[in-house]
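**Student:**
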Amino acid sequence: MTPAKRRVPLRTCIVCGAKGPKRGFTRIVSTPEEGVKVDRTGRLSGRGAYVCCDARCSPAELRRGRIEQALKRRVTDDDWNTVTAEIVGDETERS
Numbered sequence: 291m292t293p294a295k296r297r298v299p300l301r302t303c304i305v306c307g308a309k310g311p312k313r314g315f316t317r318i319v320s321t322p323e324e325g326v327k328v329d330r331t332g333r334l335s336g337r338g339a340y341v342c343c344d345a346r347c348s349p350a351e352l353r354r355g356r357i358e359q360a361l362k363r364r365v366t367d368d369d370w371n372t373v374t375a376e377i378v379g380d381e382t383e384r385s
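If you read the sequence shown in my numbering, its first letter stands for residue 291, the second for the next number, and so on.
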């Protein structure tokens, strides 16, 4: 008897709608204490949203409203600037 294959949860990119395993995404998390930030470990507690690491999905297309809708909270100007700078920085490192 062969062991059953383990089910891998799929994540959905809030920019392009691509689906895939957690490894191929960058997580944006909303925490009550720290606000909205990029979660590089994928383990911070809080509500999360994902942006894919695919070159076809440009972080420049990320819209504030999509993050707010996914996280179900308002994103402050400071948080928005920090998150977009980190995601765009990740994109340039991958190129």
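Idealized CB from N, CA, C, for every residue including glycine. Predicted model only: the values in this text are computed from it and were never measured.
Can you tell which of 349, 337 and 353 has its C-alpha closest to the C-alpha of residue 431?
**Tutor:** Coverage of the chain is limited to positions 291 through 385, which leaves residue 431 absent and any answer about it impossible.
**Student:** Any idea if residue 352 is buried or exposed, counting beta-carbon neighbours within 10 angstroms, 16 or more meaning buried?
**Tutor:** Locating residue 352 in the sequence shown gives position 62, where the first residue counts as 1. Per the 10 Å Cβ criterion, buried.
**Student:** Let me see if you follow: with CB-CB separation under 8 Å, is residue 331 close to chain D or not?
**Tutor:** The structure shown contains no chain D, having only a single protein chain.
**Student:** Using DSSP with H/G/I as helix, E/B as strand and the rest coil, what is residue 344?
**Tutor:** Taking the first residue of the sequence shown as 1, we reach residue 344 at position 54. Coil.
**Student:** On the CB-based measure, 16 or more other CB atoms within 10 Å of its CB, does residue 292 come out buried or exposed?
**Tutor:** Walking along the sequence shown from the start, residue 292 turns up at place 2. Exposed is the call here.
**Student:** Just how far apart, CA to CA, sit residue 341 and residue 358?
**Tutor:** For the purposes of this step, residue 341 is taken as the residue at position 51 of the sequence shown. For the purposes of this step, residue 358 is taken as the residue at position 68 of the sequence shown. Spanning the two alpha carbons is a distance of roughly 14 Å.
**Student:** Whole angstroms are fine: how far does the CA of residue 377 sit from the CA of residue 365?
**Tutor:** One-based indexing of the sequence shown puts residue 365 at position 75. One-based indexing of the sequence shown puts residue 377 at position 87. Between residue 365 and residue 377, the C-alpha separation is close to 15 Å.
**Student:** Spatial neighbours of residue 369 within its chain, please: C-beta separation below 8 Å, excluding the five flanking residues on both sides.
**Tutor:** In the sequence shown, residue 369 corresponds to position 79, counting from 1. Answer for residue 369: 325, 326 and 327, listed in chain order.
**Student:** Taking residue 330 as the reference, give the member of 295, 314, 306 and 360 with the closest Cα.
**Tutor:** Numbered from its first residue, the sequence shown carries residue 330 at position 40. Ranking 295, 314, 306 and 360 by Cα distance to residue 330 puts 314 first.
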